[in-house]
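So the sequence shown is numbered by my numbering: it starts at 1 and just counts up by one.
Ideal placement from N, C-alpha and C gives every residue a C-beta, glycine not left out.
As the structure is a computational prediction, the values presented were derived from the model and not from experiment.
This report concerns only the one structure given below.
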Amino acid sequence: HDKSEVFHFDRLHSKDNPPVDLGYAPYTGATPLKPKLYWRYLGFYFDRKLTFTEHVRYYSTKALSTVKAMKMLGSSTRGLRPVQKRILYRACVLPIVTYGFRLWYFAAAHCKGALHHLSTMQRSAALWITGAFCTSPTGGVEALASLPPINLLLRRLSERADYRFATLTPTHPVRAFLSRFNCGTIAPHPSLSIQTMSEPEIFRTSGTLFESDTNVLALTETLLPMNPLSQPGVRLMDHFADQVHFNDCKISCGDADKELKQRTKHLNKLRDKISENIGTYYAGTDASLPLSGRYQAIAVSILFSGGVKRWRARHVAGKVTAPDAELYAIRSAIVNATSCDDCMDIFIFTDSMASTCRAIDPSIHSRQGHLVAVCEALQTWFTRKDGQSITF
1 HDKSEVFHFD RLHSKDNPPV DLGYAPYTGA TPLKPKLYWR YLGFYFDRKL
51 TFTEHVRYYS TKALSTVKAM KMLGSSTRGL RPVQKRILYR ACVLPIVTYG
101 FRLWYFAAAH CKGALHHLST MQRSAALWIT GAFCTSPTGG VEALASLPPI
151 NLLLRRLSER ADYRFATLTP THPVRAFLSR FNCGTIAPHP SLSIQTMSEP
201 EIFRTSGTLF ESDTNVLALT ETLLPMNPLS QPGVRLMDHF ADQVHFNDCK
251 ISCGDADKEL KQRTKHLNKL RDKISENIGT YYAGTDASLP LSGRYQAIAV
301 SILFSGGVKR WRARHVAGKV TAPDAELYAI RSAIVNATSC DDCMDIFIFT
351 DSMASTCRAI DPSIHSRQGH LVAVCEALQT WFTRKDGQSI TF
């Protein structure tokens, strides 16, 4: 029984923490089991009053130790640049600080002391990032280091967590604890649900769950776990698979230069052929990624009809991967081509066939917004007239 533990949760303000006689060895009257002051479970530190002061103290100390250890990586004259220091702090230290913050941070919580511990830690990090003097004001060095104050950071993360409740499915188990406005289709919990509490109990109780249940009602936008166009049976390829074509242009002869010439010749013939057709639009899309990570990717699309350039655009795609930038360019071309009234057929010329296959799949993955926009534009275009098609 060497792993036996006991912990008192006490509502009273008494500091009495009596040992417990379990009635069997080795925890008998002579050697009773001594209760712990703190209980660690899944990385969370619980105290007797559920104030989570030990949790904040432990993780703020751990974060401060991490910041002090990072100082060997650079100073104001050598080592890492300030931008790199900031990235390192946000990637390695902030996750430590914010771990389990929803236990102790909410609107009615008395957490001034906890915020002071975390602010002291972030001040040390801001001084290291900027190389400022130790007497510099906290707000100034945080602004120079582009670090939001700890209280504003936690408020932003808390609001995001609150609004994430709106994305839960109607049968998610967490909804069983919410009020009748947010419980969905699941039955409320018989004893722990907000619905089972009286109005005086709700008025006297505060916590993360109550705050989230109230803040979700302030949302004016409907958030769905899955976009309607990505549901099976409603997707683009479920209804218009015969109107979407892929031309892989598979030419293989062993010689790379000869293969490139044949591929170019094939595409030129295809372009000349479709440029003669009235109502046929063809577009070229491409993306450019910078060699340095300091700059953003560019997505370019150009639209032709009858050999005449009808539209051209360049978009800043942000710091994204090459496939995501390609999707942005494909989306731009398709949305603008389908908006033309005389468009009957669309041809998309691109150097990324993998991105074209992904563009018509609106399921949940990276850059789903581009995919949903493509599928929505194509579905509207296909239902407008018969005989329309798109070829990649």
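### Task
Check A283 in the structure and name its three-state DSSP category.
Taking the first residue of the sequence shown as position 1, residue 283 is located at position 283. Strand.
Minimum length 4: unbroken alpha helix (DSSP H) runs contained in the stretch 268 to 342 = 322 to 338
Given 8 Å as the limit, is there contact between the stretch 58 to 67 and the stretch 85 to 98, that is, 3 or more CB pairs closer than that?
-> yes
- Kindly indicate the opening and closing residues of the beta strand (DSSP E) around D345. Sequence index remark: in the sequence shown, residue 345 carries index 345 (1-based). Its beta strand (DSSP E) spans residues D345 to F349.
*Any alpha helix (DSSP H) of 4 or more consecutive residues that is wholly inside the stretch 87 to 127*: 94 to 97
**Request:** At 3 residues or longer, and completely inside the stretch 27 to 92: list those beta strand (DSSP E) runs for me, N to C.
**Result:** 38 to 41 and 44 to 47
- Taking 7 Å as the CB-CB cut-off, is G113 touching chain D? In summary, chain D is missing from the structure at hand, where a single protein chain is found.
Check your understanding: D272: buried (16+ other C-beta within 10 angstroms of its C-beta) or exposed?
Key -> Here residue 272 corresponds to residue number 272 of the sequence shown, with the count starting at 1. D272 is exposed by the Cβ-count criterion.
### Task
Whole angstroms is fine: what's the gap from L219's alpha carbon to A108's?
In the sequence shown, residue 219 corresponds to position 219, counting from 1. In the sequence shown, residue 108 corresponds to position 108, counting from 1. Taking the straight line joining both Cα atoms gives about 21 Å.
Quiz item: Which of the three DSSP states, helix, strand or coil, is assigned to T391?
Solution: To locate residue 391, count along the sequence shown from 1; it is residue 391. Here T391 sits in strand by DSSP.
State whether the stretch 130 to 144 contacts the stretch 192 to 205, with contact taken as three or more CB pairs (one from each stretch) at a distance under 8 Å.
no
Pick helix, strand or coil for H239, following the three-state DSSP scheme. For this step, residue 239 is matched to residue 239 along the sequence shown. It is helical.
(message) Just to check my reading of the structure: G307 and M344 have Cβ atoms closer than 8 Å, yes? What is that Cβ distance to the nearest angstrom?
(response) Within the sequence shown, numbered from 1, the residue matching residue 307 stands at position 307. Within the sequence shown, numbered from 1, the residue matching residue 344 stands at position 344. The Cβ separation is near 16 Å, so there is no contact.
Mind the definition here: the stretch 317 to 330 touches the stretch 345 to 364 only if three or more C-beta pairs lie below 8 Å; say whether that holds.
yes
Could you spell out where the alpha helix (DSSP H) holding E5 opens and where it closes? Stepping through the sequence shown from its first residue, residue 5 is reached at position 5. No alpha helix (DSSP H) contains E5, which DSSP labels as neither H nor E.
Suppose the cutoff is 8 Å on Cβ atoms and the five residues either side in sequence are ignored; what does the same chain contact list for R102 look like? For the purposes of this step, residue 102 is identified with residue 102 of the sequence shown, where counting begins at 1. Taken in chain order, the residues that qualify are S158, A161 and T208.
- What three-state label does DSSP hand H13 in the structure shown? Locating residue 13 in the sequence shown gives position 13, counting from the first residue. In the structure shown, H13 sits in coil (DSSP, three-state: anything other than H, G, I, E or B).
To the nearest angstrom, how far is the alpha carbon of S14 from that of K49?
Taking the sequence shown and counting its residues from 1, the one referred to as residue 14 is at position 14. Taking the sequence shown and counting its residues from 1, the one referred to as residue 49 is at position 49. Cα to Cα, the separation comes out at about 10 Å.
Whose CA, out of L327, V335, G369 and E376, lies closest to the CA of M353?
On the sequence shown, residue 353 is found 353 positions in, with the first residue counted as 1. Residue L327 is the option with its Cα nearest to M353.
Inset, instruction - Could you tell me the distance, in whole angstroms, from the CA atom of F44 to the CA atom of E199? - result: Looking up residue 44 in the sequence shown gives position 44. Looking up residue 199 in the sequence shown gives position 199. Approximately 31 Å between the Cα atoms of the pair.
inquiry  = Would I150 and L127 qualify as a contact pair, given that the criterion is a beta-carbon distance under 7 Å?
reply    = Within the sequence shown, numbered from 1, the residue matching residue 150 stands at position 150. Within the sequence shown, numbered from 1, the residue matching residue 127 stands at position 127. Against a cut-off of 7 Å, the Cβ pair of L127 and I150 comes out as no contact.
Just verifying my parser: in three-state terms, what is the DSSP assignment at H245?
Here residue 245 refers to the residue found at position 245 when the sequence shown is read from its first residue. Strand at H245.
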